[in-house]
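Chemist: Note that this note's numbering has the sequence shown beginning at 888, numbered continuously upward. Below you will find the structure I want to go over with you.
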Amino acid sequence: MSSEKESSSLESLIAERVGKANLLREHDRNPYPHRFEPTHTTSQVHSAYSSIDIGSSIDDRVRVAGRVSRVAHFGKLMFFDLEDQGGKVQVSIAKNDVGSDEYELIKKTMDVGDVVGVEGSPYKTRKGELTVGSSGWSMLAKSTRPLPSKIFVAECGEARGGLRDEEVLYRQPELRMIVDSDAREVFARRSRVISSMRSVLEEAGYIEIEIPTLQPVYGGASARPFVTSVNALDSLEVYLSISPEIYLKRLMVGGFFDGVFFIGKSFRNEGIDKSHHPEFTSMECYKAFWDYNDLMNFTERMVERIFRDVNGSASVVYEHLDSLLGRQELDFSAPWRRVRMSDMIKDEIGVDVEQMDESELRTAVQQVYAVTGEPYLSIDNSYGVSWGNMVLGLFESYVEKTIVQPTFVIDHPRESSPLCKLHRGDERFIERFEVFVYGMELANAYTELNDPVLQRRLLEDQERSSAAGDLEAQRMDEAFCQAIEYGMPPTAGLGIGVDRLVMLVTGRTRIKDVIPFPLVRPMKSKNL
């Protein structure tokens, strides 16, 4: 069918449904009333009346509201399903109970997609299905645009119901939620993940404090920012936050030693893939007098608690069809494995980086890349790459993707962050950990750098890199440097990607499946 014919067909269906709304008005029925007062949700109906015997009814009266998801007519009797947030219930309307005129009005005006309220008594059909026998109904919101079929949502291939491609369902995710209760449940569980996370932090004494979204200097991560300007401040250039880290550290200087945290949006003007999105939700928390060892203990306990709160279990079956890891049962029960990055490289590809200087490691890197043919760093340009960056390249190329169970990868090369303390045992490394699960980074944490002289020097180095064209280099933040000159206590800081955590909790393999309104390419037509 051509796009013109699809558009014409859709417009005629919309016009037909608008006509049904007008027909209701002609019968003194408001198709969009101000309110309705249910006595039960669909799940409450099932909880209260599921024990009714087959073929029996009771005299209780219930009022239920929901969206019509199925309609079936059998002469003088009609059945339809009402779905709400928690489930669905079958409703029946008999011509003898409501009268011929009312019955015909219902038949003429009710469509799948309408939001309807009913009143009636529960009973069990001969097939054993709990049903509300309705003697009264109200149109609560007449649907004038047809819904896509559930078959289309499941297959997402050919055009049905006016939809042409999968991205339509991401552009208007309410459609997916209407026709696929599993998609709706993902966002309900997302809410419970955040609620559980917040509870763990508050129980541990952390205080939640907001940080600015518009920032005159961006920092806290190596990322490319979104840039805008403030007209009221003479077009001052500002950046959307790429990380809450710097502001939370300034709060530590301000005296919130018992802990501060932030759960909210960050923005990075970078790529979009199955685990990255330009606008994402993260949690960051900071606590005085801890180091990264304390945070490892806290992190594994918190994530295990979240899984148990939301799923009732610390384990989940996870499978990404594009991954060589296959179907895995992931166990988030503490304790998790803790392994030095250098040891993981040695175990996976046989390169003992700690026993090599920069020249020796460069030779080893070239040999590994020549054998595998999958270079992370260009061999031709590797002479300009430091020892630490080569270590990072080996890990990211060959080790990260092999990690299945929750693992603390600890002690990164010092080049990996200018905001972290040097390792107390080997200053080639920093006291940093990342959590990897099923080949995906979930968390990142430091024993935070609080030496103001060293911090200033490292950020000045980053500023020079930025001036030389490094779009992901961190910027010199004078306000932050002055803040820690007042004295920031020994501090440990943790960041967790909330979207990725929700992916793991719900078994979803694409980040846009757990973001209610993900960013998608512009729509080419006004008609879906």
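Where is the CB? At the ideal position from N, CA and C, for every residue including glycine. Just so we're clear, the structure is a prediction, and the values are computed from it rather than from any experiment.
How is the beta strand (DSSP E) around His960 delimited, first residue to last?
Modeler: Position 73 of the sequence shown, counting from 1, holds the residue named residue 960. His960 -> beta strand (DSSP E) spans 949-961.
Chemist: Put Leu1336 into one of helix, strand or coil per three-state DSSP.
Modeler: To locate residue 1336, count along the sequence shown from 1; it is residue 449. Of the three classes helix, strand and coil, the one that applies to Leu1336 here is coil, per DSSP.
Chemist: Buried or exposed for Asp1400, going by 16 or more other Cβ atoms inside 10 Å?
Modeler: Here residue 1400 refers to the residue found at position 513 of the sequence shown. Looking at its Cβ environment, which holds 16 or more other Cβ atoms inside 10 Å, Asp1400 is buried.
Chemist: What would DSSP say about Lys1308, mapped onto helix, strand or coil?
Modeler: Start at 1 with the first residue of the sequence shown, and residue 1308 comes out as number 421. If DSSP states are grouped into helix, strand and coil, Lys1308 belongs with coil.
Chemist: Given this structure, state the Cα-to-Cα distance separating Tyr1325 from Val1204, to the nearest angstrom.
Modeler: Position 438 of the sequence shown, counted from the start, is the residue given in the question as residue 1325. Position 317 of the sequence shown, counted from the start, is the residue given in the question as residue 1204. Straight-line Cα distance between these residues: approximately 11 Å.
Chemist: Less than 9 Å separating the beta-carbons of Ile1081 and Ile1150?
Modeler: Numbered from 1 along the sequence shown, position 194 holds the residue referred to as residue 1081. Numbered from 1 along the sequence shown, position 263 holds the residue referred to as residue 1150. Yes, the pair counts as a contact, with Cβ atoms nearer than the cut-off.
Chemist: Here's the rule: buried if 16 or more other CB atoms are within 10 angstroms of the residue's CB, otherwise exposed. What is Leu1101?
Modeler: Taking the first residue of the sequence shown as 1, we reach residue 1101 at position 214. When all chains shown are included, Leu1101 counts as exposed.
Chemist: Answer yes if the segment 892-912 comes into contact with the segment 989-997, meaning at least three C-beta pairs across the two stretches below 8 Å, and no otherwise.
Modeler: At 8 Å Cβ cutoff, the stretches touch.
Chemist: Would you report the Cα separation of Ala1075 and Val1258, rounded to the nearest angstrom?
Modeler: One-based indexing of the sequence shown puts residue 1075 at position 188. One-based indexing of the sequence shown puts residue 1258 at position 371. Each residue's Cα considered, the two are about 47 Å apart.
Chemist: Would you kindly check if the distance between the Cβ of Glu1372 and the Cβ of Arg1362 is under 9 Å?
Modeler: For the purposes of this step, residue 1362 is taken as the residue at position 475 of the sequence shown. For the purposes of this step, residue 1372 is taken as the residue at position 485 of the sequence shown. Their beta carbons are not under 9 Å apart, which means Arg1362 does not touch Glu1372 by this criterion.
Chemist: Any idea if Asp1145 is buried or exposed, counting beta-carbon neighbours within 10 angstroms, 16 or more meaning buried?
Modeler: Mapped onto the sequence shown, residue 1145 falls at position 258. The residue is exposed, with fewer than 16 neighbouring Cβ atoms inside 10 Å.
Chemist: Buried or exposed for Pro1409, please, with buried defined as at least 16 other CB atoms from any protein chain shown within 10 angstroms of its CB.
Modeler: Indexing the sequence shown from 1 puts residue 1409 at position 522. Under this definition Pro1409 is an exposed residue.
Chemist: According to DSSP, is Ile1317 part of a helix, a strand, or is it coil?
Modeler: Start at 1 with the first residue of the sequence shown, and residue 1317 comes out as number 430. Strand.
Chemist: For Lys1161, which residues from the same chain have a beta carbon less than 7 Å from its beta carbon, with the 5 sequence-adjacent residues on both sides left out?
Modeler: Your numbering for residue 1161 matches position 274 in the sequence shown. If we look at Lys1161 and ignore the five residues flanking it on each side, its Cβ neighbours are Thr1396, Arg1397, Ile1398.
Chemist: Would Arg1195 pass as a contact of Phe1295 if the rule is Cβ separation under 9 Å?
Modeler: Position 308 of the sequence shown, counting from 1, holds the residue named residue 1195. Position 408 of the sequence shown, counting from 1, holds the residue named residue 1295. No. Outside cutoff.
Chemist: Output yes or no for whether 9 Å exceeds the beta carbon distance between Ser1128 and Pro1103.
Modeler: The residue given as residue 1128 occupies position 241 in the sequence shown. The residue given as residue 1103 occupies position 216 in the sequence shown. No.
Chemist: What does Arg1417 pair with, by DSSP beta-bridge criteria?
Modeler: Residue 1417 lies beyond the stretch modelled for the chain, which goes from 888 to 1415, so this question has no answer here.
Chemist: Counting pairs of Cβ atoms below 8 Å between the segment 930-949 and the segment 980-988, do you hit three or more?
Modeler: The segment 930-949, when compared against the segment 980-988, does not touch it at the 8 Å Cβ threshold.
Chemist: Are Ile1402 and Phe1167 close, meaning C-beta to C-beta below 9 Å?
Modeler: Looking up residue 1402 in the sequence shown gives position 515. Looking up residue 1167 in the sequence shown gives position 280. Closer than 9 Å, so yes.
Chemist: Under DSSP, the beta strand (DSSP E) around Val1117 begins and ends at which residues?
Modeler: One-based indexing of the sequence shown puts residue 1117 at position 230. It spans 1114-1117 - the beta strand (DSSP E) in which Val1117 sits, taken as one unbroken run.
Chemist: Could you name the residues of the same chain whose beta carbon sits closer than 8 Å to that of Glu1247, not counting the 5 residues immediately before and after it, in chain order?
Modeler: By 1-based counting over the sequence shown, the position of residue 1247 is 360. So the list is empty, once near-sequence residues are dropped.
Chemist: Measure the alpha-carbon distance for Arg1311 versus Asn1180 and round it to whole angstroms.
Modeler: On the sequence shown, residue 1311 is found 424 positions in, with the first residue counted as 1. On the sequence shown, residue 1180 is found 293 positions in, with the first residue counted as 1. Distance between the alpha carbons of Arg1311 and Asn1180 is about 13 Å.
Chemist: Excluding the 5 residues flanking Gly1007 on each side, which residues of the same chain have their C-beta closer than 6 Å to its C-beta?
Modeler: As a first step, residue 1007 must be located in the sequence shown, where it is residue number 120. Same-chain partners within the cutoff: Val1019, Gly1020, Ser1021, Ser1022.
Chemist: Could you check whether Ala1370 and Val1147 sit closer than 9 Å to each other, using their CB atoms as the reference points?
Modeler: Residue 1147 sits at position 260 when you count from the first residue of the sequence shown. Residue 1370 sits at position 483 when you count from the first residue of the sequence shown. No. Outside cutoff.
Chemist: Mind checking who Thr1168 pairs with in its DSSP beta bridge?
Modeler: Residue mapping note: residue 1168 aligns to position 281 of the sequence shown, counting from 1. Bridge partners of Thr1168: Lys1152.
Chemist: So, with DSSP's three-state summary, where would you put Glu1006?
Modeler: As a first step, residue 1006 is located in the sequence shown; it is residue number 119 there, counting from the start. Three-state result, Glu1006: strand.
Chemist: Which residue or residues does DSSP assign as beta-bridge partners of Asn1331?
Modeler: Locating residue 1331 in the sequence shown gives position 444, counting from the first residue. Looking at the DSSP assignment, Asn1331 forms a beta bridge with Glu1321, Gly1382.
Chemist: Do you know offhand how far Arg1032's Cα is from Gly1000's?
Modeler: Numbered from 1 along the sequence shown, position 145 holds the residue referred to as residue 1032. Numbered from 1 along the sequence shown, position 113 holds the residue referred to as residue 1000. Their Cα atoms are separated by approximately 8 Å.
Chemist: The alpha helix (DSSP H) spanning Lys982 covers which residue range?
Modeler: The residue labelled residue 982 in the question sits at position 95 within the sequence shown. That run of the alpha helix (DSSP H) goes 982-985.
Chemist: Where does Lys907 sit, in a helix, a strand or coil, going by DSSP?
Modeler: Against the sequence shown, residue 907 aligns to sequence position 20. Three-state result, Lys907: helix.
Chemist: Quick check: the Cα distance between Met1064 and Leu900, rounded to an integer number of angstroms?
Modeler: To locate residue 1064, count along the sequence shown from 1; it is residue 177. To locate residue 900, count along the sequence shown from 1; it is residue 13. Distance between the alpha carbons of Met1064 and Leu900: 22 Å.
Chemist: Looking at Cys1307: is its Cβ nearer than 9 Å to the Cβ of Glu1318?
Modeler: Position 420 of the sequence shown, counting from 1, holds the residue named residue 1307. Position 431 of the sequence shown, counting from 1, holds the residue named residue 1318. It is a contact, given that the beta carbons lie within the stated cut-off.
Chemist: With DSSP as the reference, label Gly1275 as helix, strand or coil.
Modeler: One-based indexing of the sequence shown puts residue 1275 at position 388. Looking at Gly1275 - three-state DSSP - the assignment turns out to be helix.
Chemist: Identify, in the order they occur along the chain, each residue of the same chain with its Cβ nearer than 8 Å to the Cβ of Asp1364, setting aside the five sequence neighbours on each side.
Modeler: Position 477 of the sequence shown, counting from 1, holds the residue named residue 1364. Hits under 8 Å: Val1104, Gly1106, Ile1133, Leu1346.
Chemist: Tell whether a beta-carbon distance below 9 Å holds between Thr1334 and Lys1136.
Modeler: Start at 1 with the first residue of the sequence shown, and residue 1334 comes out as number 447. Start at 1 with the first residue of the sequence shown, and residue 1136 comes out as number 249. Taking 9 Å as the Cβ cut-off, Thr1334 and Lys1136 do not qualify as a contacting pair.
Chemist: Measuring straight from C-alpha to C-alpha, what distance separates Glu991 and Val958?
Modeler: Locating residue 991 in the sequence shown gives position 104, where the first residue counts as 1. Locating residue 958 in the sequence shown gives position 71, where the first residue counts as 1. When rounded, the distance between both Cα atoms is 14 Å.
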